[in-house]
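The letter at position 129 of the sequence shown is residue 129 when you use the UniProt record's numbering, and the numbering goes up by one with no holes.
Positions of the beta carbon are idealized from the N, C-alpha and C atoms, including for glycine.
Just so you know, these numbers come straight off a predicted model, no measurement behind them.
Just below is one structure, and these are the notes that go with it.
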Amino acid sequence: MRMRRHHQQDEDTGIDLTPMLDVVFIMLIFFIVTSSFIKESGVEVQRPQAQTANPQDKGNILIAITADGQVWLDKQVVDVRSVRAHVERLRVDQPDGAVVVQADQDARTGLVVQVMDQARLAGVQDVALAASTGAL
């Protein structure tokens with residue numbers, strides 16, 4: 001009678017990480033899709049206070065006007081005459097977006113009106129002026 005030898009084959013005893021990587025990838029996609037990215041104008045301004053100010057959640061395009069007359073849009077200083085072109089370019093990504101003008105309390109009223117007018121000429125119907133809530 002012949003003796004049989006049993007060869008023990010080395011089986012891969014490692015842990016299969018593929019399902020875990022799939023779950024991590026799906027979670028990453030979920031968080032990217034559900035997160036909302038905060039857009040900033042690029043400069044901090046001292047907004048005037050108003051008792052009747054209401055928070056607006058759908059302000060997608062932020063334009064800031066400093067006290068010394070600089071207009072900031074998409075984290076860069078722009079000329080007031082080019083605000084319309086910039087707003088039109090930014091509206092390609094979000095056609096239903098609103099414009100929020102964050103004017104410093106010491107900014108010239110004429111410049112604020114020009115910026116708001118340029119945003120309206122770009123086709124944005126919802127242009128808001130930002131204010132801080134609080135007592136006057």
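Exercise. Where does the unbroken alpha helix (DSSP H) through residue 105 begin, and where does it stop?
Worked result: Residue 105 sits at position 105 when you count from the first residue of the sequence shown. Neither: residue 105 is in no alpha helix (DSSP H) and is coded neither H nor E.
Exercise. Which of the three DSSP states, helix, strand or coil, is assigned to residue 78?
Worked result: Position 78 of the sequence shown, counting from 1, holds the residue named residue 78. Here residue 78 sits in strand by DSSP.
For this session: Would you list the residues sitting across from residue 99 in a DSSP beta bridge?
Result: Here residue 99 refers to the residue found at position 99 when the sequence shown is read from its first residue. In DSSP, residue 99 forms a bridge with 61 and 127.
Exercise. Do you know offhand how far residue 70's Cα is from residue 125's?
Worked result: Here residue 70 is taken as the residue at index 70 of the sequence shown, counted from 1. Here residue 125 is taken as the residue at index 125 of the sequence shown, counted from 1. For residue 70 and residue 125, the distance between alpha carbons rounds to 24 Å.
Problem set entry | For residue 71: DSSP bridge partner residues | Reading the sequence shown from its first residue, position 71 is the one you call residue 71. In the DSSP output, where bridge partners are listed per residue, residue 71 has 65 and 78.
Problem set entry | Euclidean distance between Cα positions of residue 99 and residue 66 | Sequence index remark: in the sequence shown, residue 99 carries index 99 (1-based). Sequence index remark: in the sequence shown, residue 66 carries index 66 (1-based). Approximately 17 Å between the Cα atoms of the pair.
For this session: Measure the alpha-carbon distance for residue 109 versus residue 116 and round it to whole angstroms.
Result: Here residue 109 refers to the residue found at position 109 of the sequence shown. Here residue 116 refers to the residue found at position 116 of the sequence shown. Their backbone Cα atoms lie some 11 Å apart in a straight line.
Exercise. Just reading off the alpha helix (DSSP H) that residue 19 is part of, what are its end residues?
Worked result: Along the sequence shown, read from residue 1 onward, the residue named residue 19 stands at position 19. First-last of the alpha helix (DSSP H) with residue 19: 18-34.
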